[in-house]
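Below: one structure, written as structure tokens.
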């Protein structure tokens, strides 16, 4: 049933998380930042499912957390894209550097 | 190596390579397409883990919903073939270093902790998930279910209000 050690699957999710972090650090475009956030949320979902399946198989809590995270990610993406489109209307750019009125 | 192991390592490499290309390509539309492949890879990983329900939800919500939304917003906000600004070399090096150290630290913690799998079968089924979802008892998730439904409604109304071209006085 379990030919692959749990830590190898956790390696994938950890690497995915830090790839998303790299995107957050280097990208300056709001849509690509949103994509990096989606990668990070996916890595967290993998973690929840893997721990639920291999370490506590008699409960279903990880599955439920994954379902709720996917739902909230969908809502978050919709709101973020609405904000980005609104910002594009007023600034003609979706670069994070161009939206700094509220910085100070 | 058994077939399951080989399939797992192929899926893992696919996810990581496409995710890395998604955060490094300079064309935004290509970035969205690589993200699409990466999310499909994660769905494949869920199929490999034999949680088909989550895999189906992943494909429906992420691949069918969020990526399409992102591609729409790319088309609405900029030219998809345009090259994005490359980050400066200093920023790239600093972020790569920070991410590398973070990754090594986190993975060392996981590796030292050495999670062992308890060899018990994992019995989920959609009917079980549904029963737990609407149960109010000890393992019930009725309250989060209701809260999430309110959140979705609020997000929907919020999106409409934000994206509306509101000039009510110019009617």
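Chains as they are written, first to last, in this note's numbering: chain A, 126 to 229; chain B, 24 to 194. Every residue, glycine too, gets a C-beta built ideally from N, C-alpha and C.
Backbone CA spacing between residue 79 of chain B and residue 63 of chain B [nearest angstrom] = 10 Å
If we count the other Cβ atoms within 10 Å of its Cβ and call it buried at 16 or more, is residue 178 of chain A buried or exposed?
-> Buried, because 16 or more other Cβ atoms sit within 10 Å of the Cβ of residue 178 of chain A.
Exposed unless 16 or more other CB atoms sit within 10 angstroms - verdict on residue 51 of chain B | buried
As assigned by DSSP and simplified to three states, the class of residue 169 of chain B = helix
Three-state class that DSSP yields for residue 230 of chain A in the structure shown = An answer regarding residue 230 of chain A cannot be provided, because it is not within the stretch 126 to 229 covered by chain A.
Residues sharing a beta bridge with residue 135 of chain B, DSSP | Among the bridge pairs identified by DSSP, residue 135 of chain B is matched with none.
Where the region 131-157 of chain B meets chain A: residues whose CB sits under 8 Å from a CB there | Within the region 131-157 of chain B, those residues whose Cβ lies closer than 8 Å to any Cβ of chain A are, in chain order, 133, 134, 137, 138, 139, 140, 141, 142, 143, 144, 145, 146, 147, 151, 152, 155 and 156.
How many angstroms separate the CA atom of residue 170 of chain A from the CA atom of residue 25 of chain B?
-> 26 Å
Look up residue 106 of chain B in the DSSP assignment and give the residues it is bridged to.
-> B:50
Rounded separation between residue 100 of chain B and residue 213 of chain A - CA only = 7 Å
Among A:131, A:130 and A:142, the one whose alpha carbon lies nearest that of residue 127 of chain B | Of A:131, A:130 and A:142, the residue nearest in Cα terms is A:142.
Do we get a CB-CB distance below 8 Å when we pair residue 185 of chain A with the residues of chain B?
-> yes
Would you kindly work out how many angstroms separate the C-alpha atoms of residue 185 of chain B and residue 155 of chain A, rounded to a whole number?
-> 17 Å
Any chain A beta carbon closer than 8 Å to residue 67 of chain B | no
When we look at the beta-carbon of residue 152 of chain A and count the other beta-carbons within 10 Å, is it buried (16 or more) or exposed?
-> buried
So residue 44 of chain B packs on residue 57 of chain B, CB below 8 Å; how close in whole Å?
-> Between residue 57 of chain B and residue 44 of chain B the Cβ distance is about 5 Å, and since that is below 8 Å, they are a contact.
Nearest to residue 34 of chain B (by Cα), restricted to the options B:55, B:49, B:143 and B:70 | B:70
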